[in-house]
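Counting from 1, position 29 in the sequence shown corresponds to residue 635 in our numbering; the numbering is continuous, with no gaps.
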Amino acid sequence: MRDVPVPEAVARALTRADTTAAIARFVGTVLKDFFALQFSVRLGLRKTPVVNVDHPLDEQIPFTPERIGVYLDFIAFWIRPLGWIARHHGMRAFAHHGGAFLRLIDRCYREAADVYRAAMTTTRRPRHYRGRFLAIHLFDPHLLCVPSLHVMICVLTYTFYRRALTGLGVPDAERAALDAELFGDAVAITESVLLIKQHSVNCVPAALYAMTRITPADVTPAEVATFVERLFADEGLDAAPAVREYITAAYDRLLAADDPTWQAGVQRFIREVAAPTA
Numbered sequence: 607m608r609d610v611p612v613p614e615a616v617a618r619a620l621t622r623a624d625t626t627a628a629i630a631r632f633v634g635t636v637l638k639d640f641f642a643l644q645f646s647v648r649l650g651l652r653k654t655p656v657v658n659v660d661h662p663l664d665e666q667i668p669f670t671p672e673r674i675g676v677y678l679d680f681i682a683f684w685i686r687p688l689g690w691i692a693r694h695h696g697m698r699a700f701a702h703h704g705g706a707f708l709r710l711i712d713r714c715y716r717e718a719a720d721v722y723r724a725a726m727t728t729t730r731r732p733r734h735y736r737g738r739f740l741a742i743h744l745f746d747p748h749l750l751c752v753p754s755l756h757v758m759i760c761v762l763t764y765t766f767y768r769r770a771l772t773g774l775g776v777p778d779a780e781r782a783a784l785d786a787e788l789f790g791d792a793v794a795i796t797e798s799v800l801l802i803k804q805h806s807v808n809c810v811p812a813a814l815y816a817m818t819r820i821t822p823a824d825v826t827p828a829e830v831a832t833f834v835e836r837l838f839a840d841e842g843l844d845a846a847p848a849v850r851e852y853i854t855a856a857y858d859r860l861l862a863a864d865d866p867t868w869q870a871g872v873q874r875f876i877r878e879v880a881a882p883t884a
């Protein structure tokens, strides 16, 4: 799927009224519940508490700026599979799965915004303003850390398309290869949010818990355990076992609390781990 150009998938989507409308709704949600929401606080137009969610383990994860490309592949990561479906299974399948995915990703942004409106979260970022980091610092006020939408969407993507590929009747060997590719990319992007210091280890379990509540049939506790076990497994990072243990324990606590909504659970988690900064 990495060979499928993103512009091809987008162009296909814009040839249909239903997928064009779904894209328009999603873009509107992102503008309202991601960019406008945090810029309104950054510019002083909205009063929302801002708390820091750094954890001591973050200091044991080295700042690795060369992973910026992996981090920025986040959007292309969830679009490419739709282009692959269109190429191999036609526009009807493309529209069906594209519409379903866009509804879910829109839901993720809207529900995460419920958490952000109650309390915004931030971390300490290195003063690294070179290359593509400059654009991140200019256009991302860095106030929507918990839960990490990067992690939420990565997990949504690989689990959603795993189910889609099964439904499309993709042969077992090919499906296994594609699933391994998507899973591996989801792990790599999740690692990158920590390696380029866009998120804390506190941001990851909240995102995993959110997806367990949003798509419980796909993001089961067993699936989360498999995903977390792969984090930093190939990095040679001394702190990797401690990072995985912390993420697992925090996720388990969130799950065991059985809050009425996942947003309520994450809001409580933020109060437990964060200290006011503004």
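Just so you know, even glycine gets a beta-carbon here, dropped at the ideal spot from N, CA and C.
query                                                                                                             : result
Reference I759; option with closest CA among Y722, A724, L814                                                     : L814
Under the three-state DSSP convention, the category T635 falls into                                               : helix
Which of helix, strand or coil DSSP assigns to V659                                                               : coil
Beta-carbon proximity check, D660 vs R730, cutoff 9 Å                                                             : yes
Distance between T763 and F632 (C-alpha atoms, nearest Å)                                                         : 15 Å
Nonlocal neighbours in the same chain, by C-beta distance under 6 Å from L800, ignoring five residues either side : I667
Q804 (DSSP reduced to helix, strand or coil)                                                                      : coil
Member of D785, R652, V636, I681 whose CA lies at the smallest distance from the CA of F723                       : The question names Phe, yet the displayed sequence has Arg at residue 723. The shortest C-alpha separation from R723 is found at R652.
Nearest-angstrom Cβ-Cβ length linking V825 and V872, presumed shorter than 8 Å                                    : Not really, about 15 Å apart at Cβ, beyond 8 Å.
Given K671 as reference, the closest of L708, E797, D858 once Cα atoms are compared                               : The sequence given here has Pro at residue 671, not Lys. Residue E797 is the option with its Cα nearest to P671.
Distance, A856 Cα to A862 Cα                                                                                      : 10 Å
Local conformation of T826 per DSSP, three classes                                                                : coil
Short Cβ contact (9 Å threshold) for Q644 with L774                                                               : no
Buried versus exposed call for I681 [16 or more other C-beta atoms within 10 Å across all chains shown]           : exposed
N- and C-terminal bounds of the alpha helix (DSSP H) containing M607                                              : Run containing M607: none; DSSP gives neither H nor E here.
The region 822 to 839 contacting the region 781 to 796, beta-carbon criterion three pairs below 8 Å               : yes
Cβ-based neighbour list, P747, same chain, cut-off 7 Å, excluding 5 preceding and 5 following                     : Q644, F645, R648
Rounded separation between D664 and T621 - CA only                                                                : 45 Å
Opening and closing residue of the alpha helix (DSSP H) in which T765 lies                                        : 755 to 773
Buried or exposed (CB count within 10 angstroms, at least 16 for buried), F669                                    : exposed
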